[in-house]
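*Asks:* Below is a structure I'd like to ask you about.
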Amino acid sequence: MVLIKEYRVVLPCSVEEYQVGQLYSVAEASKNETGGGEGIEVLKNEPYEKEGEKGQYTHKIYHLKSKVPAFVKMIAPEGSLNEYMKDDFFIKIETWHKPDLGTLENVHKLDAATWSSVEVVPINIADGEQVAPADYKAEEDPALFKSVKTSRGPLGPNWKKELVSNTDCPRMCAYKLVTVKFKWWGLQSKVESFIHKQEKRIFTNFHRQLFCWIDKWVELTMEDIRRMEAETQKELEEMRRKGSVRGTKASDE
-15 MVLIKEYRVV LPCSVEEYQV GQLYSVAEAS KNETGGGEGI EVLKNEPYEK EGEKGQYTHK
45 IYHLKSKVPA FVKMIAPEGS LNEYMKDDFF IKIETWHKPD LGTLENVHKL DAATWSSVEV
105 VPINIADGEQ VAPADYKAEE DPALFKSVKT SRGPLGPNWK KELVSNTDCP RMCAYKLVTV
165 KFKWWGLQSK VESFIHKQEK RIFTNFHRQL FCWIDKWVEL TMEDIRRMEA ETQKELEEMR
225 RKGSVRGTKA SDE
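For the sequence shown, the residue numbers in our numbering are -15 to 237.
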């Protein structure tokens, strides 16, 4: 048994802009989550081409001790969870980026039975009620932010409806299909629900940051981004080995 949800994040930018903005924001957000032995260790980050498809291959290890909920720490000795559970625990995230307002159904082409079990969860980056108080930062609030370089924002309560008729502003949706499996009797539902709650939290905070950082990345090229990624990889390793634990902490709710 698995728990599958599709998160839909609408943004006032183009798919092409998002490609740059996503990579920039991943690099910056990674720094905010790294330090004191925890965070992201980048093993590989290199271009690939397979069967005519081009992309970027990344292999990362996430060191997340303080980000694991207490009820999991109690039953899983440090370092043992992956080895013990093997195929009974996995998280899979599949994403399509489309130039629309989140209106496409079954964009991932699931079979009818599977799609009928999927919960669709819209994420509104301008809705402060979707943000945990501990995560809120005024400088990362799309409802307050106004882009100097693009004149986009601030995003009001009806910004999505207004975007329908505003042909001058690009739009896109990230359709993020998250599949979670945690096969452990007595804990399955609790852990799967917890992971989905954290994924929604991550997607919400990340895309709020991405939009509010648009003036920092909108004029960058892919060459700029790749150079920045290489520098960030070295910086992350240094930060992970030193300094104090930073970033998001687990909630046991």
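For each residue, glycine too, the CB sits at the ideal point set by N, CA and C.
Examine the Cβ distances between the region -11 to -2 and the region 189 to 208 and report whether three or more of them are shorter than 8 Å.
*Replies:* At 8 Å Cβ cutoff, the stretches touch.
*Asks:* For the alpha helix (DSSP H) that contains K144, what are its first and last residues?
*Replies:* Where K144 is concerned, the enclosing alpha helix (DSSP H) stretches over 143 to 149.
*Asks:* Here's the rule I'm using: 16 or more other beta-carbon atoms within 10 Å means buried, otherwise exposed. How should Y120 be labelled?
*Replies:* Per the 10 Å Cβ criterion, exposed.
*Asks:* Could you compute how far the alpha carbon of K93 sits from the alpha carbon of K82?
*Replies:* Cα to Cα, K93 sits roughly 14 Å from K82.
*Asks:* Quick check: the Cα distance between K130 and F195, rounded to an integer number of angstroms?
*Replies:* In a straight line, the C-alpha of K130 is about 10 Å away from that of F195.
*Asks:* For the alpha helix (DSSP H) that T188 lies in, which residues bound it at each end?
*Replies:* Taken as a continuous stretch (DSSP letters only), the alpha helix (DSSP H) holding T188 covers 172 to 196.
*Asks:* Check the C-beta distance from L85 over to K144 and give it rounded, since I have them as a contact under 8 Å.
*Replies:* Right, the Cβ-Cβ distance comes to about 6 Å (below 8 Å), so this counts as a contact.
*Asks:* What three-state label does DSSP hand K218 in the structure shown?
*Replies:* K218: helix per DSSP, three-state reduction.
*Asks:* Grouping DSSP H, G and I as helix and E and B as strand, with all else coil, what is V4?
*Replies:* Note: V4 maps to helix in three-state DSSP.
*Asks:* Can you check DSSP and say which residues form a bridge with W80?
*Replies:* DSSP, once it has assigned bridges, lists Y159 as partnering W80.
*Asks:* Taking the CB atoms as reference points, tell me whether W197 and Y8 lie closer together than 9 Å.
*Replies:* Contact flag set, yes.
*Asks:* Among M(-15), D111, P117, which residue has its Cα nearest to the Cα of G140?
*Replies:* Looking at the Cα atoms, D111 is the closest of the given residues.
*Asks:* Just how far apart, CA to CA, sit R210 and M156?
*Replies:* Rounded to the nearest angstrom, the two C-alpha atoms are 23 Å apart.
*Asks:* If we ignore side chains and look at the alpha-carbon of each, how far apart do E103 and I(-12) end up?
*Replies:* Distance between the alpha carbons of E103 and I(-12): 7 Å.
*Asks:* Sorted by chain position, which residues of the same chain lie with C-beta nearer than 8 Å to D72's C-beta, five sequence neighbours on each side aside?
*Replies:* Within the same chain, D72 has close Cβ partners K165, F166, K167, W168.
*Asks:* Taking all protein chains shown into account, decide if A118 is buried (16 or more other Cβ within 10 angstroms of its Cβ) or exposed.
*Replies:* By the 10 Å Cβ count, A118 comes out exposed.
*Asks:* In whole angstroms, give me the CA-to-CA distance for K200 and T134.
*Replies:* Rounded to the nearest angstrom, the two C-alpha atoms are 11 Å apart.
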